[in-house]
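Residues 1410 to 1937 (the working numbering) are what the sequence shown spells out, left to right. Heads up, the thing below is written out as structure tokens.
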Amino acid sequence: MKPETTDRKVTIEQHKRFSQSALWRLQREYFDKEGINAWVNQVPFYITSNPYIAACYAKIVLAFMKDWVKLHPEAKEHPFYIMELGTGSGRFSFYFIKTLLELMHDLGIKDLKFCYIMSDFTKHNIQYWEAHPALKPYIDQGLIDFALYDMEAERPLHLIRKNVNLSPELLMNPLTVFANYIFDTISHDAFTVLENKLYELLFSLHTDETNMDRNRPIQMDKIGVDYNIHEIKSAYYGEPELDAILDLYKKELHATSFLIPIGSIRAIKFLKKLCHDKLFVISTDKGYGALEHLDNLGHPSISFHGSFSMMVNFHAISEYFKNSGGDAFLQTPRRGIRTSVFSSGFKINELPETRVAVSDWVEKMSPSDYFTLHSRVRDHFTDYDLDTLASHMEFACWDPHIYLKISAKITSLLPEGDVETVTFIAKNMPRLAANYYHMPKTECILFEIGVFFHAIKKYEQALEYYRQAQQYVGEQFGLFYNMALCEHHLEKHQDALEHFKHAFTLDPSSKETEEWITFTEKALAEIK
Ligand SMILES: C[S@@+](CC[C@H](N)C(=O)[O-])C[C@H]1O[C@@H](n2cnc3c(N)ncnc32)[C@H](O)[C@@H]1O
């Protein structure tokens, strides 16, 4: 890539097919460089990494496994492999596995085996998952494997822990694939339709020369895009199931530009080969589902948020599955994200429990409905009373991410809260703690649970959670000071003294701590 300088603008590339644009390389470099830090206030991820969406997926996948073994009793002899693409933080994986195991336990299901494959193209994410305390029990039980899988490259897909390749010999049951916020992240081709003619949309990139360092753009969001069109007269892909989609759009659309998520389709095609063409895909992303929504659109807009993403053409993915003998269920449009389900090698309607679960958890109370309602509460939580906040926590499956946002408000409402509500929250604190998936530079939920019990004068429980928080919070004045206060109330004066003294080393300017040390020393002397 040799930049050509004109005035203060630098041309990065000209007239490129979108899927071959340098933007995708920059995107990969971004995720590889940032690793887990991509999720620290940069790339949005709550929407696809919360316990609610994971529970929706778990209910669908359990229904699918049950349906499958009913139709194919021999399937019980083999594990169902469930693979997450572009996994990212691993928070979704944790909630999915946890919920699936809980459901199987509650229903007394002991004869279904599964293995969850967490995959990503960057090893930095894999290193983070391998060391994550929340995933450890599942790793130890052999329920999780890891794979360094680049969806844009067809290489053997190696399972790191089992030390085998994912292959038709291993995949005796259909492969379930999760694709959350990943189809929008990898390469797309771009096209324009005008007066029944189809054009390839070519991209030229430029940026200010101050945004260049050693011939490379520094910040992606400072890159400008110009478009050119070039008429397509023959079969563009030379693959009937893909060219049929372009033919359909040429015939049915009037004046618009659209994307074909070619990187994702190629990855699906590759995965199909590994699993005897029996694939079950669930994907949540932002995108278009209906043909009519693809018409009258301008050139594709690129949204930058640390990385960048595009609207996913779920309609094209659905056509691709249908053109190759599969099936698709697309959620009716909502604002924001949408969830879609695709199958290859079988029809969703052939599987009754699956069909109902998809209707319940993709259409009726979908992850996008949850997020819309949740966002409303999140944006106005200071207006709500304790009952409403407690109900919202239940709706959100006791999600630590939400509790951390509202914990100060909850604590402030506790003195006037009614006994039932306070007891209800207290009873669910172990669920909140069990949902803890630690992420860098975020507050510790165990500490906040300690604060809750502290505020309702349940000092033993408070102390227990403060102790558990220590490994995440580290040497923090507030933790040791609070532990000492609880110990004081429990008349554990020696422990209290040690922790007040420890707190004082962390903040020698704290007069209160100094006074507590004197007071506790006196109390201890009187006891002796
Ligand atoms: C936008 S994030 C989504 C993460 C997660 N699925 C979620 O919903 O929060 C995209 C993820 O895909 C990974 N990724 C990017 N390009 C990829 C590729 N070519 N193959 C596999 N993973 C890729 C990134 O490392 C990142 O973890």
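All residues carry an ideal CB built from backbone N, CA and C; glycine is no exception. Predicted model only: the values in this text are computed from it and were never measured.
Legend entry - Local Cβ density within 10 Å of ILE1936, reported as buried at 16 or more and exposed below that: Residue 1936 sits at position 527 when you count from the first residue of the sequence shown. It is exposed - the Cβ of ILE1936 has fewer than 16 other Cβ atoms within 10 Å.
Inset, instruction - Identify which residue in GLY1672, VAL1478, TYR1636, LEU1544 has its Cα closest to the Cα of ASP1559. - result: Translated into positions along the sequence shown, residue 1559 becomes position 150. Closest option to ASP1559, Cα to Cα, is GLY1672.
Inset, instruction - Determine the DSSP secondary structure at GLY1696, reduced to helix, strand or coil. - result: By 1-based counting over the sequence shown, the position of residue 1696 is 287. Residue state, collapsed to three classes: strand.
Inset, instruction - Would you kindly work out how many angstroms separate the C-alpha atoms of PHE1464 and THR1922, rounded to a whole number? - result: In the sequence shown, counting from the first residue as 1, residue 1464 sits at position 55. In the sequence shown, counting from the first residue as 1, residue 1922 sits at position 513. For clarity, residue 1464 is Ala in the given sequence; the question names Phe instead. Looking at the two C-alpha atoms, the distance is approximately 45 Å.
Inset, instruction - Could you say if the segment 1600-1618 and the segment 1473-1493 meet the contact criterion of at least three C-beta pairs nearer than 8 Å? - result: Between the segment 1600-1618 and the segment 1473-1493, the count of Cβ pairs shorter than 8 Å is below three; the stretches do not touch.
Inset, instruction - Pull up the distance between the alpha-carbon of GLU1563 and that of ILE1677, whole angstroms please. - result: As a first step, residue 1563 is located in the sequence shown; it is residue number 154 there, counting from the start. As a first step, residue 1677 is located in the sequence shown; it is residue number 268 there, counting from the start. Taking the straight line from one Cα to the other gives about 11 Å.
Inset, instruction - State yes or no: is the C-beta of ASP1598 nearer than 7 Å to some heavy atom of ligand 1? - result: Along the sequence shown, read from residue 1 onward, the residue named residue 1598 stands at position 189. Outside the cutoff, so no.
Inset, instruction - Report yes if the C-beta distance between HIS1863 and PHE1889 is below 8 Å; otherwise report no. - result: Indexing the sequence shown from 1 puts residue 1863 at position 454. Indexing the sequence shown from 1 puts residue 1889 at position 480. Taking 8 Å as the Cβ cut-off, HIS1863 and PHE1889 do not qualify as a contacting pair.
Inset, instruction - For GLU1923, verify whether its CB is less than 7 Å away from any heavy atom of ligand 1. - result: Residue 1923 sits at position 514 when you count from the first residue of the sequence shown. Not under cutoff, so the answer is no.
Inset, instruction - Just mark ARG1500 as buried or exposed, buried being the case when its beta carbon has 16 or more other beta carbons within 10 Å. - result: Reading the sequence shown from its first residue, position 91 is the one you call residue 1500. ARG1500 should be labelled buried.
Inset, instruction - Measure the alpha-carbon distance for THR1665 versus ILE1641 and round it to whole angstroms. - result: On the sequence shown, position 256 is the one that residue 1665 refers to. On the sequence shown, position 232 is the one that residue 1641 refers to. The alpha-carbon atoms of THR1665 and ILE1641 are separated by roughly 15 Å.
Inset, instruction - Say yes only if the C-beta of ILE1595 is nearer than 7 Å to one or more non-hydrogen atoms of ligand 1, and no if none qualify. - result: Start at 1 with the first residue of the sequence shown, and residue 1595 comes out as number 186. For ILE1595, the shortest C-beta to heavy atom distance toward ligand 1 is below 7 Å.
Legend entry - Contacts around GLY1495, its chain only, beta-carbon distance under 8 Å, and the 5 residues preceding and following it disregarded: In the sequence shown, residue 1495 corresponds to position 86, counting from 1. Within the same chain, GLY1495 has close Cβ partners SER1528, ASP1529, PHE1530, MET1560, ALA1588, ASN1589, TYR1590, ILE1591, THR1594, ILE1595.
Inset, instruction - Quick one: grab the DSSP three-state call for ARG1500. - result: Walking along the sequence shown from the start, residue 1500 turns up at place 91. Note: ARG1500 maps to helix in three-state DSSP.
Inset, instruction - With a floor of 4 residues, list each alpha helix (DSSP H) that falls wholly inside the segment 1782-1869, ordered by position along the chain. - result: 1795-1804, 1809-1822, 1828-1843, 1854-1864
Inset, instruction - Can you give me the Cβ contacts of TYR1608 inside the same chain, cut-off strictly under 7 Å, excluding the 5 residues immediately before and after it? - result: Along the sequence shown, read from residue 1 onward, the residue named residue 1608 stands at position 199. The residues are PHE1600, THR1601, ILE1638, HIS1639, GLU1640, ILE1641.
Legend entry - DSSP-derived helix/strand/coil call for ILE1746: The sequence position of residue 1746 within the sequence shown is 337, counting from 1. Collapsing the DSSP output to three states places ILE1746 in a strand.
Inset, instruction - Please say whether VAL1750 and VAL1690 have beta carbons closer to each other than 8 Å? - result: Numbered from its first residue, the sequence shown carries residue 1690 at position 281. Numbered from its first residue, the sequence shown carries residue 1750 at position 341. Contact flag set, yes.
Inset, instruction - May I ask you to check if the CB of ASN1942 is nearer than 7 Å to at least one heavy atom of ligand 1? - result: The displayed coordinates of the chain run from 1410 to 1937. Any statement about residue 1942 would go beyond what the structure contains.
Legend entry - Uninterrupted beta strand (DSSP E) stretches inside the segment 1513-1537 (no shorter than 3 residues): 1523-1529
Legend entry - Contact under 8 Å by Cβ, THR1585 with ILE1445: Translated into positions along the sequence shown, residue 1585 becomes position 176. Translated into positions along the sequence shown, residue 1445 becomes position 36. Their beta carbons are not under 8 Å apart, which means THR1585 does not touch ILE1445 by this criterion.
Legend entry - Strand pairing of SER1752, partner residues [DSSP]: Here the question's residue 1752 lines up with position 343 in the sequence shown. Under DSSP, SER1752 shares a beta bridge with PHE1689, ASP1736.
Inset, instruction - Would you kindly report the start and end of the unbroken alpha helix (DSSP H) that includes GLN1436? - result: As a position in the sequence shown, residue 1436 is number 27, starting the count at 1. Counting along the chain, the alpha helix (DSSP H) containing GLN1436 begins and ends at 1431-1443.
Inset, instruction - Reducing DSSP to helix, strand and coil, say where GLN1885 ends up. - result: Translated into positions along the sequence shown, residue 1885 becomes position 476. GLN1885 carries a coil assignment under DSSP once its states are collapsed to helix, strand and coil.
Inset, instruction - Ignore the nearest five residues each way along the sequence and tell me which others in GLU1852's own chain have a CB closer than 6 Å to its CB. - result: Along the sequence shown, read from residue 1 onward, the residue named residue 1852 stands at position 443. LEU1813, listed in sequence order.
Inset, instruction - Specify whether the segment 1680-1700 and the segment 1711-1726 touch according to this definition: at least 3 beta carbon pairs, one from each stretch, less than 8 Å apart. - result: yes
Inset, instruction - Could you spell out where the beta strand (DSSP E) holding ILE1638 opens and where it closes? - result: In the sequence shown, the residue the question calls residue 1638 occupies position 229. Segment 1632-1640, the beta strand (DSSP E) holding ILE1638.
Inset, instruction - Determine the extent of the alpha helix (DSSP H) in which ARG1764 is found, giving its start and end residues. - result: For the purposes of this step, residue 1764 is taken as residue 355 along the sequence shown, with counting starting at 1. Residues 1761-1767.
Inset, instruction - Give the DSSP-derived three-state secondary structure of GLU1900 in the structure shown. - result: Mapped onto the sequence shown, residue 1900 falls at position 491. Note: GLU1900 maps to coil in three-state DSSP.
Legend entry - Pick from ALA1893, LYS1631, GLY1826, SER1777 that is closest to ALA1799, judged by C-alpha positions: Looking up residue 1799 in the sequence shown gives position 390. With distances taken between Cα atoms, ALA1799 lies closest to GLY1826.
Inset, instruction - Taking 8 Å as the cut-off, decide whether the C-beta atoms of SER1716 and ALA1447 are in contact. - result: Within the sequence shown, residue 1716 is the residue found at index 307, counting from 1. Within the sequence shown, residue 1447 is the residue found at index 38, counting from 1. Yes; because the gap between Cβ atoms is below 8 Å, this pair is in contact.
Legend entry - Cut-off 8 Å between Cβ atoms - residues of its own chain near LEU1703, not counting five sequence neighbours on either side: Translated into positions along the sequence shown, residue 1703 becomes position 294. These residues qualify, in order along the chain: TYR1658, LEU1662, THR1665, PHE1667, TYR1697, ASN1722, HIS1724.
Legend entry - 8 Å contact criterion, which LEU1782 and LEU1822 should meet: CB distance rounded: Here the question's residue 1782 lines up with position 373 in the sequence shown. Here the question's residue 1822 lines up with position 413 in the sequence shown. No, LEU1782 and LEU1822 are not in contact; Cβ-Cβ is about 21 Å, not under 8 Å.
Legend entry - Three-state secondary structure assigned by DSSP to HIS1702: On the sequence shown, residue 1702 is found 293 positions in, with the first residue counted as 1. Helix, per DSSP.
Legend entry - Environment of GLN1880 [buried if 16+ CB atoms lie within 10 Å]: Position 471 of the sequence shown, counting from 1, holds the residue named residue 1880. With fewer than 16 other Cβ atoms within 10 Å, it is exposed.
Legend entry - PHE1379 Cβ short of 7 Å to ligand 1 heavy atom set: Limits of the chain in this structure are 1410 at one end and 1937 at the other, which puts residue 1379 out of reach.
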